[in-house]
Amino acid sequence: MAKNENMARLESNGVSVWLDSLSRDLMGSGKLQNLIDEDGVCGVTTNPNIFYKAIHGSSLYDEEIKEGGKSSSDILYSLMVKDVRTACDIFRPTAEKSDWVNGRVSLEIDPNISGDSEAMIAAAQKVWEKIERKNAMIKIPATPAGFEAARFCIGHGISVNMTLLFSLPHYQAAINAFLNGAEDALRSDVDLRPLGSVASLFVSRIDTKVDAMLDKIGTQEALSLKGKAAIANATLAYGLFEKMFSSDPRWADLERAGVRPQRLLWASTSVKNPAYPDCLYVDSLVAPKTVNTMPLSTLEAEADHGKGEPSDFNFDESRRVIEGLASLGIDIEKVSEDLQKDGIDQFKDSWNSLISEIEKKM
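Taking numbering that gives the first Met the number 0, the leading residue of the sequence shown gets 0, the next gets one more, and so forth.
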């Protein structure tokens, strides 16, 4: 249990707090361990942008980069794997205490192959074998090819973080990939105890894009919907989570066999609009069996003045918000598709910048 009162309240209300950051300095300085002890941080997510900041802003990686004998891509994977292995070891007590529910560390594979299921499967298998830690997770994007790759990985005992989900159709497809993979795992006699999955629904980016569209429309009706789309979308996703993992017959069979539910993870929970409360996307999404991955600034804000009280999800009101947007010509599913494409492109840019940074230091 977190020592910080606000973070302990979140934890007691069913939220697992993960940190959306990782670097050798964070681990080597003891800061990560302090976040575990004081704030109840029980997992870590990474992405190419996080590793770019870590490697670009530090000399701690330079010696390994200069060793040579590998391609820049192999060096990048080697650096990331080493950091994730170290983080997995730091979180091992958390993983064991939670019976492998928490203590997870997520690593993203090359986003340039997000449209190729076979390439993603090969990359995921290779990285999983190199990490060699039960509490690792491989991040796979929620693309059509990604759903195929996720099913294969889960079916072969590789824990998966399905990332870059923005819409309910994305989320439903992620659940289906998980259920299919879990059924495959049962048939393959995979060890189910450490097998885990989360579905990462991105939150604040929805408001950033939709609010700009509402500002452009400019009517009183449009402006009254600002700051509501992301929470409404997330609320409906939680309703789907509750439905699928409480009353779906396929899930009931899997649960009896010992499979853990795929948890809903709230990603992109830092506030982009300074007019909104800085804990908006944490305190509005407090629910059992969820994960909230936060950048350090959001985590510190929540620890300082967050409320962490259980959210009163109003599904009817959330549907009205989505319908209100549709009446103004804003299709939340089209917005979601655009945001996913933008997200993949951003991660590709960060990955390619990482490769360039390594080549400069070689």
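Where a beta carbon is used, it is the ideal one built from N, C-alpha and C, also for glycine.
So, at 8 angstroms on beta carbons, what are the nonlocal neighbours of Glu308 in its own chain, with the 5 sequence-adjacent residues on each side left out?
Arg8, Asn12, Asp282, Val285
Under 8 angstroms: do the region 321-338 and the region 19-31 share three or more Cβ pairs, one atom per stretch?
no
Take Pro276 as the anchor and find which of Leu263, Ser196, Lys306 has the nearest alpha-carbon.
The option with the nearest alpha carbon to Pro276 is Lys306.
Cut-off 6 angstroms between Cβ atoms - residues of its own chain near Ala94, not counting five sequence neighbours on either side:
Excluding the 5 residues flanking it on each side, Ala94 has same chain C-beta neighbours closer than 6 angstroms at Gly102, Asn134, in chain order.
Let's see if you can read the secondary structure: which residues bound the alpha helix (DSSP H) around Ala229?
Run containing Ala229: 228-246, per the alpha helix (DSSP H) assignment.
Looking only at C-alpha atoms, which of Leu167, His169, Phe151 sits nearest to Glu182?
Phe151
Our contact map puts Val362 next to Gly238 with C-beta atoms below 8 angstroms; I'd like the distance itself, whole angstroms only.
Here the chain covers residues 0 to 361 and nothing more, so residue 362 does not appear.
When you compare only the Cα positions, how much space is there between Ser203 and Ile54?
26 angstroms
Reduced DSSP category for Leu59 - H, G, I as helix; E, B as strand; rest coil
coil
Rounded to the nearest angstrom, what separates Asp252 and Phe346 at their Cα positions?
37 angstroms
Is it right to say Met6 is buried, meaning 16 or more other beta carbons lie within 10 angstroms of its own, or is it exposed?
For Met6, the number of other beta carbons within 10 angstroms of its own is at least 16, and it is reported as buried.
Per-residue burial, Ala274 [other beta carbons within 10 Å of its own, 16 or more giving buried]
exposed
By the DSSP assignment, the beta strand (DSSP E) with Leu163 in it spans what residues?
For Leu163, the enclosing beta strand (DSSP E) stretches over residues 159-164.
Roughly how far, in whole angstroms, is the beta-carbon of Ile120 from the beta-carbon of Val83, given that I think they are within contact range, below 8 angstroms?
19 angstroms between Cβ atoms; not a contact.
Report yes or no: do the region 287-294 and the region 206-225 share at least 3 C-beta pairs separated by less than 8 angstroms?
Note that the region 287-294 does not touch the region 206-225; fewer than 3 beta-carbon pairs, one per stretch, sit closer than 8 angstroms.
What does the alpha-carbon distance come out to for the pair Leu178 and Ser113?
21 angstroms
Under 7 angstroms between the Cβ atoms of Ala149 and Ala184?
Taking 7 angstroms as the cut-off, the beta carbon of Ala149 is found no closer than this to the beta carbon of Ala184.
Going by the C-beta, is Lys96 closer than 6 angstroms to any heavy atom of the ligand MG?
No copy of the ligand MG appears in this structure; indeed no ligand is present at all.
Considering Cα atoms alone, identify which of Asp38, Asp348, Asp190 is closest to Gly256.
The question names Gly, yet the displayed sequence has Ala at residue 256. The option with the nearest alpha carbon to Ala256 is Asp190.
As assigned by DSSP and simplified to three states, the class of Ile139
strand
Terminal residues of the continuous alpha helix (DSSP H) containing Ala302?
295-304
I'd like to know whether the C-beta atoms of Met243 and Ile174 end up nearer to each other than 7 angstroms.
yes
Using a Cβ-Cβ cut-off of 6 angstroms (strictly less than) and excluding sequence neighbours within five positions of Trp265, which residues of its own chain qualify?
Val202, Leu284, Asn291
Am I right that Gly42 and Ser15 are in contact with their C-beta atoms under 8 angstroms? What's the rounded C-beta distance?
7 angstroms
Applying the 10 Å Cβ sphere with the 16-neighbour rule, what's the burial state of Met79?
Met79 is buried by the Cβ-count criterion.
Identify the residues that DSSP records as bridge partners of Gly42: which are they?
Arg103
Do Ser105 and Lys138 count as a contact pair if the criterion is CB distance below 7 angstroms?
yes
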